[in-house]
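To keep things clear, I will list the structure first and then write my remarks on it.
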Amino acid sequence: MAIRELKVCLLGDTGVGKSSIVCRFVQDHFDHNISPTIGASFLTKTVPCGNELHKFLIWDTAGQERFHSLAPMYYRGSAAAVIVYDITKLDSFQTLKKWVKELKEHGPEDIVVAIAGNKNDLGDIREVPTKDAKEFAESIAAIFIETSARNAVNVEELFQSISRQIPPLENTDVDSNESFKITRQPPPSARRCC
Amino acid sequence: MYLRCSGNRFNQNATDLLCKEGASFRFQLLRLKMEGEGGCIGNPSSANMSQQLPLLAETHKLVAEGERDSVFESLEDTHTETMGLSAINEQKGGTQVVNPRPESTTVCLTDSETKLCGYLHKQGGPLKAWKFRWFTYDEKKCQLFYYRTAQDVNPLGKVELRNATFSYPLQGEEGTFHIQTPERTFILKAANRDAKMYWLQQLQLRRWQHRELLCSDSSLPMPEQHTQNGRQYLDTCPANFLPVVKIPSGLVGVEAANVPVQTNPLNVSIKHPLIEIQNSVHSFLLRRPSAEVGRSVFWVESSATQADTPKTNFSQSSNSEDSFVQTLSPSSVLPPDLECERPCENLPARGLSLMLPNGKYKKANSATFPFDRKEANTIERLSHFKQENLTLAMEVQAQKELVWLLHKALEAAQLEKRACAQYLAAENEQERLELLRHDARCTADLRERLEQLRHENEALKRSLEERDAHVKELQDSLKLLMEKNHAKQEVIVKLSEQVSTCMADPKRAVSFERISAEGLRQLVQEMDNLKDDMEAYKTQNKFLNSEIYQLTRLWQNSSEQEKSLMVKCAYLEANNCQMESRYLVVLRKLQENKELPAEQRVVIKNLIDEALQADKRDAIRFDSFRDYDEYGFKIIPDYEMEDMKLLAKIQALEIRSHNLLQQETGDRSLLARWTQFLGGRSPDDLSSSEELKNLVRAGIPRQYRASVWCWMVRARTHTLRQRHPDLFQKLCKKSQATPHPAARQIQLDLHRTLTTNQCFSSPSSPMVQQLQRVLLAFSWQNPAVGYCQGLNRLAAIALLVLQSEEEAFWCLVAIVQFLMPKDYYTKTLLGSQADQRVFKDFMAEKLPRLLAHLEEHGVDVSLVTFNWFLVLFVESLPSDILLKVWDAFLYEGTKVIFRYALAIFKYKEDDILKIHDNVEIYQYLRLFTKTVTDGRKLMSIAFLDLNPFRMKHVKNRRAVHMQRLQAELNELEKLQNEYSSENNQRKDNVFDLIPSEDDDDA
Ligand SMILES: Nc1nc2c(ncn2[C@@H]2O[C@H](COP(=O)(O)OP(=O)(O)O)[C@@H](O)[C@H]2O)c(=O)[nH]1
Ligand SMILES: [Mg+2]
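Line by line, the protein sequences give chains A and B.
Taking the UniProt record's numbering, the leading residue of the first sequence gets 1, the next gets one more, and so forth.
Taking the UniProt record's numbering, the leading residue of the second sequence gets 1, the next gets one more, and so forth.
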């Protein structure tokens, strides 16, 4: 079984539950008073995927607006980005759109984008309708899933779908990222001319 | 006090003896010749007595030689070593009473000296000015009258001496003394100290005499007689405490009246303008100073009431007025017929003189014993009545005088009438009738007046009788008391006789000894026994002392032993911990090794489980160790992650071993160093110095940390605080009224701050509320920063240490606005980002090998170190090291962060160099700060190994990187703007591209 290291970064407004999702995913633990992330935190988790082992190198970033400028350090070279919003906060959905834009502008061109609508357990105070979010995700060909770090809903699934989006190593002998790039990356000329 | 009294008594006895031998003389001063004087009676209990006895012997000798006066007078000048004695022989009723008297009393013996008078300064009036006054003492009334001049007739006032006390202040002008009467205090000033003493002693004496006069019975002779006979108030005299001052020549007495009066306008009495005028008129009209003293007394007493009556009646005849004055003059001192009525009595023998068998005299005198209060009261009342009696007698006398005068006047008038009748016979009838009628009317009028006066006289007589009866009564009671007193005195005399016999008679002493010889032997025996006992106790005491000493030494030894054993134990335990941790590391390594056969894997798994289980068993052992430190931090952090348990255990063991080794030495010596440095100074008022810098780098002991932090924060924020003294309170109010946009984020982060700390673990903890206020206030203090995630941790640490909202607020201000470079926490965190690049530069300089290794494995240290800088290692370093970093940071500034960040890497350099995998390095770096256990080692790396480390260098690098970053940022912004405008132009979504990609795939 070959191990593939996948760098994943979590983006999104502060307080939407990025760290909680990571914590749930890595330690299967939920803390109501989880410390706000300063800079970023790094965690790993290995999950089997087909006949491969995917070792997620998760960079959980700080959500506050002023930490945005640091984000490139984390999403640089990432295979996937999880952009999280809080379904009870419309603002966080707007921030999500900004992140999508920034990724498209400055992020790795072959990056897998996953949109996670967190705090699914708080459906009664929902501000962002699933439909809207789903439509938006579809419009950018991103993974969409609603999660609850608290209730451990769809957290595993979120990472599994990212795994699935990563093309298997067999495609190329050299480097998965390389092949990924080939398949996913639109020709640079195409982008520039547009 | 007792010694004095007894001494005095002895003096009296001595003089008694002299008198008994028929010596009638007076002596003024005696020099005490104490040294080498024979005849000293050995009374060990009275030193005073033994001093005075030689005096007696000498006196005796001198008397025998019959050359007393001349010898004594030659001794007159000596004061200090002299004892005033005056022996006056009084022969009345066969009793001889001789008393020791102050030398000054001899002054009273001649007429000219009798008068106590003289000029004194008197302080008075609203201005408290000194006024020069003529003072004269009236014996009868015991009053001190004062006049403006000696020639004045009317006194300006009087001082009642009967109940007066005398004193003089130690400070103040020379010669000042006070007379305190129940009504007021007179402040007087004599010319000099001697004069003052003279006055005081005289006044005391007069007061005493007056008192004696009043309480003596009817046998007391008249005061006039005393004066005339030259024996005055010889019964008693106040005890002699001070050498008697001799009469200051020219300052007191009648001759002092010749002193020219000051013509100071201030000297005029303001209070008594009328008396002043009267006095000046009198001195102008009657320049007869000899009669004035007598007249002045008369004036006060009777001029206003009785002298007026005849005056009006005989105003037409100047002759009669003259005669009136003349007739009154002789009786003005005292009516002669009243003298016999006066309740006077000769002096009784106050003391009984006793001749002792050995020729020494003893005498007890009642005067030396205070009267009991009841007696004194009666006496006072009696004296009061006596005085009244006297006054009434005087009045009666005056009335009689008046009647007599009226008779005379009537006679004169009749004579005149006869002459007139003769003369008028020649005139016309009508006129004569008129005159006759007039005369008749006059006569009738006079008769009427006479009758009136008679009535008055009778009434007065009656009241006098009543009072006499009362006085008799009181005298009876007084007699009773006197008898009692006598009895007491007798007892005292007997007792003192016995005492003196015992002391003086050697035979008796011997017999006494003989009698008590048996008892004495017994006593000696007893004493010997007691001595033996004492000796025994002494030895016992010595023994017990040695016992205590030995036990103390033993205790010290064993406690030292215990201490060393504890250290040893700690050391061993630490060793054990280290061994255990190494064992666990090995287990972990083995666990990771997938190539091991399944069997061994199971064994390893079991071993790990066992090791982790042991933790629970260890709980007992760890109990002695606190879970939380003084600031509420967990001493051994726990890791929730499953795969970290082994690591956590390893680390816990390491921390424990470190703490065990450090505990004894480190903290205590640090505290000692600080205490020595402060040397009693307050730790919140220091001044920066190299020594202090080094101390702060070593860490501030918990006892002083808050104060020193306070001082450091104040030093940084000094000017701002002066400009805005109540800034924090104002900002608190402001943030309540209008919340900063960051308030929401602050609220969100409040309960997520230092959650592992005891003080912040509960949302209801007061520290959380404080944190909120501090952060909200700060958001308005620095709107450009507002709130940046991470500031909550800084504020929390400040709160934990400073324990004060306001100080924590200022600490936050100090860090963000004064310590950190610009733009560290603002919108783009430009300063922070720049510092990351600066840090990389330093890594390249100080740790080139490590940086190369990290770069080789694609590790970007900024991903790890960014928050070290932003939140000053909070939640990265263990709390004890963290606070030491903060100590130094608050004192020195940001350079400290670089030093420590580099030191951490250097501390763990070897470990990191061993890891050759990107992810593993990251994983290692994620937690490696928490495994730094040796704070002292880290400190020495930071401040010694990394030298030289210049702030200038840091600043230069910062400037360079800031510029570059700013340029990059600008470029980025430009690109963004371009991009968005492009987008707007094309009006299509950037994401449209992606479906087209998908299309491609398809
Ligand atoms: N109800 C609920 N609360 C959540 C959930 N996930 C996170 N939270 C809470 O949201 C807050 C912010 O979470 P955090 O993970 O720090 O967000 P981050 O800033 O995006 O990392 C925390 O108080 C969490 O307890 C969730 O699924 N449901
Ligand atoms: Mg977070």
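Glycine is no exception: its CB is placed at the ideal position from the N, C-alpha and C atoms.
Classification of residue i by the beta-carbon crowding that lies within 10 angstroms, buried from 16 upward
{"i": "E434(B)", "result": "exposed"}
{"i": "L584(B)", "result": "buried"}
{"i": "E458(B)", "result": "exposed"}
{"i": "F898(B)", "result": "buried"}
{"i": "F93(A)", "result": "buried"}
{"i": "G63(A)", "result": "buried"}
{"i": "F889(B)", "result": "buried"}
{"i": "I3(A)", "result": "exposed"}
{"i": "H658(B)", "result": "buried"}
{"i": "S762(B)", "result": "exposed"}
{"i": "S496(B)", "result": "buried"}
{"i": "K115(B)", "result": "buried"}
{"i": "H724(B)", "result": "exposed"}
Within 8 Å, strictly: CB atoms of residue i and residue j
{"i": "H961(B)", "j": "V838(B)", "result": "yes"}
{"i": "D468(B)", "j": "N377(B)", "result": "no"}
{"i": "I140(A)", "j": "V113(A)", "result": "yes"}
{"i": "F166(B)", "j": "I187(B)", "result": "no"}
{"i": "I746(B)", "j": "L720(B)", "result": "no"}
{"i": "A814(B)", "j": "R716(B)", "result": "yes"}
{"i": "V396(B)", "j": "L464(B)", "result": "yes"}
{"i": "residue 1033(B)", "j": "W780(B)", "result": "With chain B represented from 1 up to 1002, any question about residue 1033(B) goes unanswered, as that position is not in the structure."}
{"i": "S163(A)", "j": "H54(A)", "result": "yes"}
{"i": "K906(B)", "j": "V954(B)", "result": "no"}
{"i": "T44(A)", "j": "Q923(B)", "result": "yes"}
{"i": "E807(B)", "j": "V713(B)", "result": "yes"}
{"i": "Y631(B)", "j": "S879(B)", "result": "yes"}
{"i": "R381(B)", "j": "L474(B)", "result": "yes"}
Check: residue i C-beta below 7 Å from any heavy atom of ligand 2
{"i": "S876(B)", "result": "no"}
{"i": "K18(A)", "result": "yes"}
{"i": "T37(A)", "result": "yes"}
{"i": "G858(B)", "result": "no"}
{"i": "D60(A)", "result": "yes"}
{"i": "G63(A)", "result": "yes"}
Close Cβ partners of residue i (< 8 Å) along its chain, the five nearest in sequence each way excluded
{"i": "D173(A)", "result": "Low confidence applies here, because D173(A) scores a pLDDT of 43, under 50, leaving its location unreliable and the question unanswered by this model."}
{"i": "A256(B)", "result": "C117, G118, Y119, A150 and G250"}
{"i": "L158(A)", "result": "I21, F25, V82, A114, A116, I143, I145 and T147"}
Nonlocal neighbours in the same chain, by C-beta distance under 6 Å from residue i, ignoring five residues either side
{"i": "D13(A)", "result": "G63, S92 and T95"}
{"i": "I125(A)", "result": "T88"}
{"i": "I143(A)", "result": "A114 and S161"}
Any non-hydrogen atom of ligand 4 closer than 7 Å to residue i Cβ
{"i": "R126(A)", "result": "Ligand 4 is not among the ligands present in this structure, which contains only ligand 1 and ligand 2."}
Residue i CB to nearest heavy atom of ligand 1 below 7 Å
{"i": "S765(B)", "result": "no"}
{"i": "A888(B)", "result": "no"}
{"i": "G15(A)", "result": "yes"}
{"i": "N918(B)", "result": "no"}
{"i": "S148(A)", "result": "yes"}
{"i": "H32(A)", "result": "yes"}
{"i": "D749(B)", "result": "no"}
Close beta carbons around residue i, own chain, < 7 Å, minus the five adjacent residues each side
{"i": "M767(B)", "result": "C759, F760 and L799"}
{"i": "D31(A)", "result": "C23"}
{"i": "L103(A)", "result": "Y75, A81, I111 and V113"}
{"i": "G175(B)", "result": "K189, A190, A191, N192, R193, A195 and K196"}
{"i": "V155(A)", "result": "I21, R24, F25, T147 and A149"}
{"i": "H29(A)", "result": "C23"}
{"i": "C9(A)", "result": "W59, T61, Y74, Y75, S78 and A81"}
{"i": "I650(B)", "result": "S581, L584 and V585"}
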